[in-house]
Amino acid sequence: MSTGQIDNWTGSMLDIGPLYPFVGSEMLLWIVGMVLWIAWHVWQAKAENREYEEEMQKYTQGENLQKAMRGERIS
Amino acid sequence: MDSDIGALTVIFTEMYYWVTVVMMFLIHVGFCMYEVSVSRQKNHLHTLMKNTMLIPLVTITFFFFGWWIYFALPNGPGITGGLVAAPWAEPWSELMGPHMGGKPATAALTADDTMGWARINGVFWAAFLLFSWTAASIVSGAVIERVRSMSFWFLAVLVGSVTWVIDAAWGWHPDGWMVQVLGYHDAYASGVIHAIAGGSALAYLHLLGPRIGKFAADGTPRDLAPHNPWLVTVGLFLIYTGFWGFYAACNVPIIDVQSGDGTFLSATNIYLQPTTLSAITVNFLMSLSGGMMTGYWLSKGNGFWTYSGGLAGIIAASAGNDLYHPIQAMIIAGLGVIFMYKVHYYVERRFKIDDAVGAVAVHGYAGWFGVVVAGFVLWGYPSSPNPDYAAITPWGQFIGAMIMFWGLGFIPAYILGTICKNAGILRVPQEIELAGLDVGEIQAHYGLGDEVRAAEEEIARSLRS
């Protein structure tokens, strides 16, 4: 009993094919992988937009932009 | 694997490609160092992350669809035939996972498929993937200090996992339609990697516009010199080093090249034409030398252009470096560097293109030049072991170079860039560009240095009192 097609390493090596567990789930794994990839881009895009919006709010106040250009810390 | 010599050949090939992958990793260490050397401190981390994160993004997408594209599209499809079945390269294939090569678990594969691909599929995939990273990373350097990460990563996936793979299927596959019809020959990827990446970079640069301050009010370009020449030096030497792996990975290390009776084992290029590692090793070094000497001469000893000239020299000779005489390789490299150097400055002044690292010149113009020149120097040579395929010609190479730089390089990137520009996600806001792209906590961290120094000075004063 195992999660893959390997129960032991005896017998002919020519009978051994896939080594990974859950053979037959490859299509499902591909779909999950694609969804995770697209989800990462969606998350990153939102995070980048939010970060720039927050920065722009700071830079439009007082001398903050000039301070940032001089490498000084801004609140 | 049905004989001892067959088994050793397969295992040697597996090991060979694995070594090339490790060597090619150095290209990306070099690209990171080089990009940082050219960027200003306020943009360092953004520059690094932009280049670094293309690695996982291109890797997973090359697994999800890129590898299949290479094997499925050599006919176009629709030019010399339809889609080609490639069950070993489908992302859900059992051969995309660890496999011993025994009987297949699914009916989609034959015993020959599993026997032939089980040990080679993964390392061959990885070697191609490292080419994918390189193609995307070439674009990365050109657009530093103003591109938004998200739009660059969209482009990285487009170039790294789609467009360069299509051009490889068309012109860098033993049965690609460009090989069959045009006699296209590009053994070490002058066009297949470099011209397409350069064309893609040019499209994004045109849409992005120059960095603030790059051009004076009268249009005169300002030289935003590398801030750290040591990083330029080490970065480009690492790229040269990784390029050895790139060259080796363009070969098939051992295969029977004898047609008819008998056996003759040899290395071949990607088109399965015989060549030797000695040939490409000497030509690599001679073209590097021709490029460096010309770059030094043209730029009057400028370090940036001397090192870049070496790289451009290799790229200009790469299309035919399996066949050129070493002195031919050296001369072609030198001519390629003159071409890319002159075109770079003409385009910069005429079109106000701000290519921060000279990527379009070194890769795009030199790669385009290399493909075209190979058509003249190798005129009449067979493009394939298949005698029915077209021979190498100047017009076949010229059409091929145009497909690489403009057709699959510039145009798809221009379409994507236009979409990003219209959506407002192509370029960072001006305020961010002025303050630095290392925003948020990173920016605050730079400022924190001043606070720490002030606190230290306060303690120093208290010690004296």
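Going line by line, the protein sequences match chains H and P.
According to this note's numbering, the first sequence is numbered sequentially starting from 1.
According to this note's numbering, the second sequence is numbered sequentially starting from 1.
Ideal placement from N, C-alpha and C gives every residue a C-beta, glycine not left out.
Asked	Found
Buried or exposed by the 16-neighbour rule on C-beta atoms within 10 Å, applied to P:Gly262	exposed
Sufficient close CB pairs (3 or more, under 8 Å) joining the region 304-319 of chain P to the region 264-276 of chain P	no
Anticipated Cβ contact below 8 Å, P:Gly81 with P:Asn75, distance rounded	4 Å
Rounded distance between the beta-carbons of P:Met340 and P:Val362, thought under 8 Å	6 Å
Cβ distance (whole Å) where P:Gly428 is taken to contact P:Leu437 below 8 Å	A small fix is needed here, since residue 428 of chain P is Val in this sequence, not Gly. Sure, about 6 Å apart at Cβ, within 8 Å.
CB contact check: H:Trp43 to chain P, cutoff 8 Å	no
Beta-ladder partner(s) of P:Asp322, from DSSP	Paired residues: none, contrary to the question.
The region 134-147 of chain P contacting the region 197-211 of chain P, beta-carbon criterion three pairs below 8 Å	yes
Interface partners of H:Gly62 on chain P, CB under 7 Å	Those within 7 Å of H:Gly62 in chain P number zero; the least Cβ separation is about 13 Å.
Whole-angstrom distance between P:Trp164 and P:Ala135, CA atom to CA atom	7 Å
Chain-ordered neighbours of H:Val23 on chain P, where CB pairs are closer than 8 Å	Glu94, Ala105
DSSP three-state assignment for P:Val257, whether helix, strand or coil	coil
Cutoff 6 Å; reference P:Ala197; Cβ partners in own chain excluding five residues on either side	Ala135, Ile138, Val139, His363
Segments of 3+ residues assigned as beta strand (DSSP E) that fall wholly inside the region 235-316 of chain P	252-256, 265-268
Straight-line gap, P:Pro394 to P:Gly380 (C-alpha atoms, nearest Å)	9 Å
Three-state secondary structure assigned by DSSP to P:Val147	strand
Integer Cβ distance of P:Ala100 from H:Gly11, believed to fall under 8 Å	Per the sequence shown, residue 100 of chain P should be read as Met rather than Ala. No, P:Met100 and H:Gly11 are not in contact; Cβ-Cβ is about 12 Å, not under 8 Å.
Segment limits, alpha helix (DSSP H) that includes P:Asp167	164-171
Reduced DSSP secondary structure (H/G/I, E/B, other) of P:Pro56	helix
Neighbour list for P:His435 in chain H, Cβ cutoff strictly below 7 Å	Checking the sequence, you will find Ala at residue 435 of chain P rather than His. Those are Tyr59, Leu65, Ala68, Met69, listed as they occur along chain H.
Per-residue burial, H:Ala39 [other beta carbons within 10 Å of its own, 16 or more giving buried]	exposed
For P:Ala216, the three-state DSSP class (helix, strand or coil)	coil
Same chain, Cβ closer than 7 Å to H:Tyr59, neighbours up to 5 away in sequence not counted	Leu65, Ala68
Close-in-space but distant-in-sequence residues of the same chain around P:Ile130 (CB under 6 Å, 5 per side omitted)	Residue identity differs from the one stated: residue 130 of chain P is Leu in this sequence, not Ile. Closer than 6 Å at Cβ, skipping near neighbours: Val21, Met24.
Near-chain P residues of the region 8-37 of chain H - C-beta to any C-beta below 7 Å	Met13, Leu14, Asp15, Ile16, Gly17, Pro18, Leu19, Tyr20, Val23, Glu26, Met27, Trp30, Gly33, Met34, Trp37
Contact check, P:Ile338 vs P:Leu288, beta carbons under 8 Å	no
Distance, H:Ser2 Cα to P:Gly320 Cα	52 Å
Closest residue to P:Asn386 among P:Trp406, P:Gly260, P:Leu378, P:Phe64 (Cα-Cα distance)	P:Gly260
Given P:Gly358 as reference, the closest of P:Thr13, P:Glu35, P:Met49, P:Ala317 once Cα atoms are compared	P:Glu35
Buried versus exposed, by CB contacts within 10 Å (16 or more), P:Ser37	buried
Contact under 8 Å by Cβ, P:Phe246 with P:Asp256	no
Partners in chain H for P:Thr61, counting only beta-carbon separations shorter than 8 Å	Trp37
DSSP bridge partner residues for P:Ile427 (one or two, in chain order)	One detail in the question is off: residue 427 of chain P reads as Arg in this sequence, not Ile. Partner(s): P:Val147.
Same chain only: Cβ atoms within 7 Å of P:Ile331, ignoring 5 sequence neighbours per side	Gly290
Buried versus exposed, by CB contacts within 10 Å (16 or more), P:Arg119	buried
Straight-line Cα distance separating H:Leu14 from H:Asp7	15 Å
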